[in-house]
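In the UniProt record's numbering, the protein residues as written are 1 to 879.
We put the CB at the ideal spot given by N, CA and C, even for glycine.
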Amino acid sequence: MDSRYEAYCFANPFFYDVPSQDGPEAAGFLAELPSPPDDWDVTTRDVWQVLRPSGTSMAAQGWKIHVSATLANARHVLAVVYQHCLTTGTPLKFLRTEDILLARNSKYAARESSGKFVTVYPPDERSLRDTVTTLNDLLRGQAGPFVLSDLRYEAGPLYLRYGGFLEQWVTGDDGEPVTAIARPDGTLVPDLRRPVFHTPDWVEVPPFLRPQLAARKARAGGEQPFIIERPLHFSNGGGVYRAVRVSDGRPAILKEARPHAGLDRDRRDAVARLDQEHQALSALDGVTGIPAVLGRFRYWEHEFLALSVQPGIPLGQWLARHYPLSRPRSTPGERADFTERAFRILDQVEALLHRVHDLGYVYGDLHDRNILVDENDQVSLVDFELARPSAEATRSALGAPGFAAPPDRVGVDADLYAAAVLRLWMFLPMTALTALDPGKAETFVRFAIRAFPLSSADFGDAVLGQLRPRTPATTPADAPPPSAGLRALATDRPDWASVRESVATAVLRSATPHRRDRLFPGDIEQFRGGGATLAHGAAGVLHALAATGHGRHPHHETWLADSVRRDPPRRPGLYDGAHGIAHVLEELGRHELADELLTEFDPLLPHLTRHGLGSGLAGIALNLLHFGARRADPGRTDQALVLGERLLAAVPPPAAAGPRGKGRAGLLHGWSGPALLFLRLFELTGERRWLTAADDALAADIAECGETEHGALLVRDGSTRMLPYLEVGSAGIVVVLEQLAGHAPDSPTAGQLPGLRRALLGEFAIQPGLFLGRAGLMVALAAGVRRDQDPELVAALRRHRARLALHAIPHEGEVAFPGNQLLRLSMDLATGGAGVLLALAAVEGDLHLPLLHPGASSSGSGEPTGRQDSAAATQNPRP
Numbered sequence: 001m002d003s004r005y006e007a008y009c010f011a012n013p014f015f016y017d018v019p020s021q022d023g024p025e026a027a028g029f030l031a032e033l034p035s036p037p038d039d040w041d042v043t044t045r046d047v048w049q050v051l052r053p054s055g056t057s058m059a060a061q062g063w064k065i066h067v068s069a070t071l072a073n074a075r076h077v078l079a080v081v082y083q084h085c086l087t088t089g090t091p092l093k094f095l096r097t098e099d100i101l102l103a104r105n106s107k108y109a110a111r112e113s114s115g116k117f118v119t120v121y122p123p124d125e126r127s128l129r130d131t132v133t134t135l136n137d138l139l140r141g142q143a144g145p146f147v148l149s150d151l152r153y154e155a156g157p158l159y160l161r162y163g164g165f166l167e168q169w170v171t172g173d174d175g176e177p178v179t180a181i182a183r184p185d186g187t188l189v190p191d192l193r194r195p196v197f198h199t200p201d202w203v204e205v206p207p208f209l210r211p212q213l214a215a216r217k218a219r220a221g222g223e224q225p226f227i228i229e230r231p232l233h234f235s236n237g238g239g240v241y242r243a244v245r246v247s248d249g250r251p252a253i254l255k256e257a258r259p260h261a262g263l264d265r266d267r268r269d270a271v272a273r274l275d276q277e278h279q280a281l282s283a284l285d286g287v288t289g290i291p292a293v294l295g296r297f298r299y300w301e302h303e304f305l306a307l308s309v310q311p312g313i314p315l316g317q318w319l320a321r322h323y324p325l326s327r328p329r330s331t332p333g334e335r336a337d338f339t340e341r342a343f344r345i346l347d348q349v350e351a352l353l354h355r356v357h358d359l360g361y362v363y364g365d366l367h368d369r370n371i372l373v374d375e376n377d378q379v380s381l382v383d384f385e386l387a388r389p390s391a392e393a394t395r396s397a398l399g400a401p402g403f404a405a406p407p408d409r410v411g412v413d414a415d416l417y418a419a420a421v422l423r424l425w426m427f428l429p430m431t432a433l434t435a436l437d438p439g440k441a442e443t444f445v446r447f448a449i450r451a452f453p454l455s456s457a458d459f460g461d462a463v464l465g466q467l468r469p470r471t472p473a474t475t476p477a478d479a480p481p482p483s484a485g486l487r488a489l490a491t492d493r494p495d496w497a498s499v500r501e502s503v504a505t506a507v508l509r510s511a512t513p514h515r516r517d518r519l520f521p522g523d524i525e526q527f528r529g530g531g532a533t534l535a536h537g538a539a540g541v542l543h544a545l546a547a548t549g550h551g552r553h554p555h556h557e558t559w560l561a562d563s564v565r566r567d568p569p570r571r572p573g574l575y576d577g578a579h580g581i582a583h584v585l586e587e588l589g590r591h592e593l594a595d596e597l598l599t600e601f602d603p604l605l606p607h608l609t610r611h612g613l614g615s616g617l618a619g620i621a622l623n624l625l626h627f628g629a630r631r632a633d634p635g636r637t638d639q640a641l642v643l644g645e646r647l648l649a650a651v652p653p654p655a656a657a658g659p660r661g662k663g664r665a666g667l668l669h670g671w672s673g674p675a676l677l678f679l680r681l682f683e684l685t686g687e688r689r690w691l692t693a694a695d696d697a698l699a700a701d702i703a704e705c706g707e708t709e710h711g712a713l714l715v716r717d718g719s720t721r722m723l724p725y726l727e728v729g730s731a732g733i734v735v736v737l738e739q740l741a742g743h744a745p746d747s748p749t750a751g752q753l754p755g756l757r758r759a760l761l762g763e764f765a766i767q768p769g770l771f772l773g774r775a776g777l778m779v780a781l782a783a784g785v786r787r788d789q790d791p792e793l794v795a796a797l798r799r800h801r802a803r804l805a806l807h808a809i810p811h812e813g814e815v816a817f818p819g820n821q822l823l824r825l826s827m828d829l830a831t832g833g834a835g836v837l838l839a840l841a842a843v844e845g846d847l848h849l850p851l852l853h854p855g856a857s858s859s860g861s862g863e864p865t866g867r868q869d870s871a872a873a874t875q876n877p878r879p
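Below, the structure is given as structure tokens:
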């Protein structure tokens, strides 16, 4: 579970989003303050309201002041700071609304920005000191979250940090643009924002702040009863750590709570929830399978609860290792064995839950990540921060998506609801979708009963008896009727043409051309990388619609062009930046703007070090080849050849290949992307050294794979997960290796195709998306079917298409799909409906993923097209 997504679920019930900048509610705090003088500029930038005197210039960087506040005192704190800044002519910015302040201090908000409510920009050190000392006197005693990245001034809500005032950019170590500050000689370097205070090496802490720095160091060096060994998890509410007790060396789990941070929807902070957990665990002391309290203490300004270590791994990890539908072919015996083990675990969980109820408590947070399973399938429950006395009969403001009970369940009933969800989740772990569509529960039950030896009466009735709404749902009078495509998905033999039409209609209906930040709702990355990109923005959606026969949309194409001019991309990459947008603009006939984008980023290419297709040199070079062929421009082709030579020199030798921690192998980030470029360069030049390079690059990705007991090759992601997907995983290797095998069927890596293909045959995929879900498996299988009409591949491809119905969510009468994490719908190419459209077209033999197959950058015949070197045939005889 990626906790970043939670913060983007506050603003919209259907899509990942940020608080609106439109409408009367957007004025927020500013509307409650006295009007600024006429000679002040007032602007809105993202979540911030920015004010500064007109006609004055701010320094590019310096010491800034962050002012922290709680929801209770925010208006008072802002009024004090606002009046001081207007009086002294000091620029400032503040979060626009109370809802934004709540989101920025919520449990899953970014730790490095937590607590930063107001930012003040003193022009020099003297003004810095005057401002800090004055505000400190005015705000003495006011509370707020601790700003982890800053130096606190005395005991108040003021924090200081040296950093950028104005937006400057520099190329980072990986070739990506990052915010910057300037060294004394003018050289730009990254402006590092980490959740710990630090200063650039040339910056001295002002003398008046040195006592604060000394006090910070003294607090950090104090004694504590436990020694932390390693962090296990971080949230904005605090960390969870593996530790040992100093007095006797006993292993422990430390839970940290930051005051005023980690807020839930009831506005309670992490300390309140830690208090609640302490009380609950004290009442449940002695119950086997529930942690014991080893201590409670305060260190620095944070609260800690020490607990006994429970054995085992989270149930989600257990399921990933044992779930039979993830395997290439699961037998009835394997499914029966799994069912027996699953019920043994579920029965233990429910017995523990009943024990908690018998002792007068409600657990309140039952889901897979809070259940540990040891090597003997024995179960423990952890994380009791939402537990409360059953007599309270209340609902928690937090809860895991899909497991959280509806409003009509409180107290023990809410636990029983979550236990029923868990039973269903064990056999189809997609129950998060029931939060978007409660009707999915019946669909999932029917699937589970068909796939596993489950009784309709014993399993289905028991689960649905808890999950069915107690109050019948009502359909709004103006709700559109279900489309033909939505109705088709409910049948055993869908009319896929009508399904595709419905998906395209859902995408188009979601468009928000009045917004400046994004046109189509998609993944949270669109708020970081911009709403125009190929992966997550308008470029990818417009490409998918046009390529799959769903038309050109001039109004939306104009939005894309205007967006590029208004907010130019900051990255050069194919899927996350300028080259992908330029590729689509060229398709749409916006040739001049496409040229401008390429030319603007030409100076950055020598500094780019990433090799991948998604954001690195491989994708850029493939796009340059495309432009060179389309425009008959040898300059662009030569640029691509230069980048190809750089990548050729960087391919890891066989001895250096192998697993590297977090998985990267695959189409977007691994060496499969450069291998694809090398194939295009072979097709262009006829030089067989490029085939050798493609083979070596694919070998580097295959070296990151592990083989399962069923003979499938999957990419290792750390020590637990093995991935089959397109972005990272076997599918991304397959789509390129199929093409290499077409040129050189006897190449060393071509012999790995059977194992890699087997990784695509499993029936289950938790997400529907193109990059990290089922749609990407379909594209890879379609590439295999295109070259080899293997009946097993054909059957798997059709099975994946049929299983898309499990993911489909009705939205305004049409077929929509959830994005990454399944918490909200998405329409983008990487994670949502646009990518599913490409996958559905691939089933019919139409492969439209940009630059994936021979096209404008070569003759399309798979044969050399000229520019041949007379020595090419003898330079390198392999493969």
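Chain-order list of residues whose beta-carbon lies under 6 Å from that of residue i (same chain, five-residue window excluded)
i      : result
His807 : Pro768, Phe817
Thr431 : Gly402, Val421, Leu424, Trp425
Ala699 : Thr749
Buried/exposed call for residue i, threshold 16 Cβ in 10 Å
i           : result
Asp701      : buried
Ala351      : exposed
Arg230      : exposed
residue 880 : The chain is shown from 1 up to 879; residue 880 falls before or after that span and cannot be answered.
Thr288      : exposed
Trp671      : buried
Ser858      : Here the model assigns Ser858 a pLDDT of 33, short of 50, so the residue's position is not dependable, and the following value carries that caveat. Answer is buried; the Cβ neighbour count reaches 16.
Ser57       : exposed
Phe459      : buried
Arg500      : buried
Trp202      : exposed
Reduced DSSP category for residue i - H, G, I as helix; E, B as strand; rest coil
i      : result
Ser326 : helix
Ala110 : coil
Met426 : helix
Ser380 : strand
Leu188 : strand
Trp690 : helix
Thr70  : coil
Ile313 : strand
Arg470 : coil
Ser858 : Any reading at Ser858 is ruled out, since the residue's pLDDT is 33, under 50, leaving its predicted position unreliable.
Thr512 : coil
Arg96  : coil
Cys705 : strand
Arg4   : helix
CB contact flag (residue i, residue j, <9 Å)
i           : j      : result
Val47       : Arg111 : no
Phe527      : Val18  : yes
Leu605      : Ala539 : no
Ala765      : Leu489 : no
Arg52       : Leu78  : no
residue 880 : Leu359 : Lying outside 1 to 879, the shown extent of the chain, residue 880 is not represented and no answer is given.
Gly573      : Gly531 : no
Same chain, Cβ closer than 7 Å to residue i, five either side skipped, listed in chain order
i      : result
Arg140 : Gly156
Asn876 : Confidence is the limiting factor: at Asn876 the pLDDT is only 30, short of 50, which leaves the residue's position unreliable and the question unanswerable from this model.
Arg646 : Leu617
Candidates the options: closest to residue i by CA position
i      : options                : result
Val843 : Arg798, Gly663, Ser247 : Arg798
Asp478 : Ala280, Gly813, Ala60  : Gly813
Asp248 : Ala462, Ser390, Pro225 : Pro225
Thr434 : Leu823, Leu366, Val785 : Leu823
Close-in-space but distant-in-sequence residues of the same chain around residue i (CB under 8 Å, 5 per side omitted)
i      : result
Ser826 : Phe15, Tyr16, Pro521, Gly522, Asp523, Gly769, Phe817, Pro818, Gly819, Asn820, Gly832, Gly833
Phe682 : Arg688, Trp690, Leu691, Ala694, His743, Pro864
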